[in-house]
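For the sequence shown, the working numbering gives the first residue as 2, with consecutive numbering after it.
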Amino acid sequence: MANCANEVTLMSCINRLHASSKAFLLLQRPTDIANDFKPSLNLVPERVISALSGSDRSSFLIERLIKALGVNAEEALGILRSLSDVENPVIRRSLGSVIAWLLGASYGRWDIRYATGERQSPELPDPFDPLPICPPGMLQNSEGLPAEPKDVPSDYPLRISWPGILVDDENHPEDIVARVREAIAVIWKGRAEAIEQEACGILGVQTLRDYFRRPSDFFADHLKRYTKSRRQAPIYWQLSSGNGSYSVWLYYHRFTADTLYQVLDKFIQPRIQEAEREQFSLESQGVLSGVAATRLQETQALLQDLRLLKKELDLVAALWNPNLNDGVIINHALLWRITPYSPWQKKCKECWDKLVNGDYDWAHLAFHLWPERVIRKCTTDRSLAIAHGLEECLWQETQSGNWLPKQISETDLHALITEHTKPSVQSALEQFLAAPPPVAAARTRAARSTSTGTTRRSRGTATPVDAEASRQTLFILNAAPAEGLSRNDIADLLGVEASSLTAVIKQLKETGQIEQLGAARGAKYRLTEQGRSVVESQAGEDPEA
2 MANCANEVTL MSCINRLHAS SKAFLLLQRP TDIANDFKPS LNLVPERVIS ALSGSDRSSF
62 LIERLIKALG VNAEEALGIL RSLSDVENPV IRRSLGSVIA WLLGASYGRW DIRYATGERQ
122 SPELPDPFDP LPICPPGMLQ NSEGLPAEPK DVPSDYPLRI SWPGILVDDE NHPEDIVARV
182 REAIAVIWKG RAEAIEQEAC GILGVQTLRD YFRRPSDFFA DHLKRYTKSR RQAPIYWQLS
242 SGNGSYSVWL YYHRFTADTL YQVLDKFIQP RIQEAEREQF SLESQGVLSG VAATRLQETQ
302 ALLQDLRLLK KELDLVAALW NPNLNDGVII NHALLWRITP YSPWQKKCKE CWDKLVNGDY
362 DWAHLAFHLW PERVIRKCTT DRSLAIAHGL EECLWQETQS GNWLPKQISE TDLHALITEH
422 TKPSVQSALE QFLAAPPPVA AARTRAARST STGTTRRSRG TATPVDAEAS RQTLFILNAA
482 PAEGLSRNDI ADLLGVEASS LTAVIKQLKE TGQIEQLGAA RGAKYRLTEQ GRSVVESQAG
542 EDPEA
């Protein structure tokens, strides 16, 4: 290790660094992650910090190299400069796990005292010891179970969001970025701001809010981290609608039947009222320009997203009945319409379609939504009856030990079905199934400025065609039925005039992203495989970028 510029030694360093990062991701030991990024001012002496400049100015990376490779500060600086961009994907993956760990600490999943040094990491258990109830590093009570509010001491260094709900809302006390910053401040104290800036540089974003807001960043990283083989089980869920200017983040292990109602009553509705008041205040000032005009446009766009999200949550809240035994994707299936990360939305929509078709009638959600169908299956399938607690009602054991279905009359069966049927749920399900495809919010027209000298577009004039119109058309068709949608259908969903889509549809056809079904009059359109690829590649991108 004396000469880290040597090619063999350098490759050895890269391999060891990669192996170390991979171990953290595979083992998911939060205490190791916390200890690895614990602040260590003495590891980077002043002479090394003064040597940093430009893209090399990252004491965070140097600490990472020192701890992972066992080198001194000068050697770590040499490795950092020699590796150039080679180490960034590895460091980015490790840093992504740290950001997720900090978020988990804010939710009360992980115990932040392991990162501050107040608690020491537990010893690794013997390979043949029974598995612990909770993962190492989880915030636990005295009995080794997940902690509740009453179990956390008053001097615990971090505020915890016990309901498991955070939002992307800069001025809200439960803002996800603010909560992660609080966790950073607990660990790094006076260096918190510098650590955040370095982290954003490594992640390739301007701010932490960008990293959380864009589904292709934090959520995509989190989904990869919680994917093993074909099992995908993210525990931090991002929900948003429209252009994604407002998101709700839910923690899977804190779900209750009231979670979505809490989101509506305590977060969405108050935020809509606040935005409406701000919009009224700005519009009452008359003609606006400059900062005020921009602020009005932002408020109008936010209101669009909030109202769309409220509409979608209203559709699903009455159906929401989470059961962790169903698994992550089945619980998430109901929320596919407000899942902004396109690849995960596609998986959830596929799962929802299978639930509708009766492929997963063993699930508690299926029994909740389609009790008649499931109960009738239970009369011929004992395993389903066991899963739903109906074995005693519908099956009997013979003297020889065999199990046979009970002879139950249609009247008694109907009474059992009625007992488990909730009219409010059935009504909400009909509305949910009949709802049109979810669409992105139309872009808000900029407020008029006195400096432009332009006249207002008269009613009936076609909306100018731009890239956003093409993007939203593709997203609408991505959620359309197999028979496609007509131009008028697309226009209605976008809230524009059909004539404004002529050039858009023509261009999308010429580029092979959509195909036309039927003659020109009454024609319908649907995505091609190329179009679906474009939608997936655009998912989560900022349309204004």
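Beta carbons: idealized from backbone N, C-alpha and C, even for Gly.
Asked: Distance, L502 Cα to A470 Cα; Found: 8 Å
Asked: D222 - DSSP class collapsed to helix/strand/coil; Found: helix
Asked: Within 8 Å, strictly: CB atoms of Y247 and L335; Found: no
Asked: Where K1 sits in the DSSP three-state scheme; Found: The chain is shown from 2 up to 546; residue 1 falls before or after that span and cannot be answered.
Asked: Segment contact flag, the segment 153-165 with the segment 101-116, C-beta cutoff 8 Å, min 3 pairs; Found: yes
Asked: Assigned exposure category for E530 - 16 Cβ within 10 Å defines buried; Found: exposed
Asked: Nearest neighbour of A416, chosen from A388, I376, A77, E393 [CA to CA]; Found: I376
Asked: DSSP-derived helix/strand/coil call for S343; Found: helix
Asked: Range of the contiguous alpha helix (DSSP H) that encloses E275; Found: 270-284
Asked: Pair within 8 Å by beta-carbon distance, A77 and I188; Found: no
Asked: Delimiting residues of the beta strand (DSSP E) encompassing V288; Found: Unbroken run through V288: none, as it is neither H nor E.
Asked: Candidates D156, D490, C349, T474: closest to A504 by CA position; Found: T474
Asked: Counted within 10 angstroms of its Cβ, other Cβ atoms place I331 as buried (16 or more) or exposed; Found: buried
Asked: Beta-carbon contacts of H223 that lie in its chain and below 7 Å, excluding the five residues immediately before and after; Found: A101, P235, Y237
Asked: With 16 other Cβ atoms within 10 Å as the buried cut-off, status of R272; Found: buried
Asked: Assigned secondary structure, S487 (DSSP; H/G/I helix, E/B strand, else coil); Found: strand
Asked: Straight-line gap, H369 to V292 (C-alpha atoms, nearest Å); Found: 50 Å
Asked: Continuous beta strand (DSSP E) stretch holding E119: start and end; Found: Neither: E119 is in no beta strand (DSSP E) and is coded neither H nor E.
Asked: The segment 178-193 touching the segment 209-224, judged by at least three CB pairs closer than 8 Å; Found: yes
Asked: 7 Å CB neighbourhood of P131 in its chain, flanking five on each side removed; Found: none
Asked: Paired residues, beta bridge with Y252 - DSSP; Found: Y237
Asked: Stretch pair the segment 374-393 + the segment 349-356: three plus CB contacts closer than 8 Å; Found: no
Asked: Reduced DSSP category for L405 - H, G, I as helix; E, B as strand; rest coil; Found: strand
Asked: For R472 and S534, the rounded distance between their alpha carbons; Found: 12 Å
Asked: C-alpha distance - L297 paired with A480, whole-angstrom precision; Found: 31 Å
Asked: Segment contact flag, the segment 128-145 with the segment 224-233, C-beta cutoff 8 Å, min 3 pairs; Found: no
Asked: Bridge-paired residues (DSSP) for E393; Found: Answer by DSSP bridge pairing: none, since E393 is not bridged.
Asked: C-alpha distance - W111 paired with Q400, whole-angstrom precision; Found: 52 Å
Asked: Whether R374 touches D362 by CB criterion (8 Å); Found: yes
Asked: Classification of W250 by the beta-carbon crowding that lies within 10 angstroms, buried from 16 upward; Found: buried
Asked: Contact under 8 Å by Cβ, V206 with S343; Found: no
Asked: Distance CB(E313)-CB(R338) smaller than 8 Å; Found: yes
Asked: Cβ pair A520, S487 closer than 8 Å; Found: no
Asked: For D327, the nearest candidate out of Y253, Q397, Q301 (CA to CA); Found: Y253
Asked: Sheet register partners of V168 (DSSP bridge); Found: D176, V249
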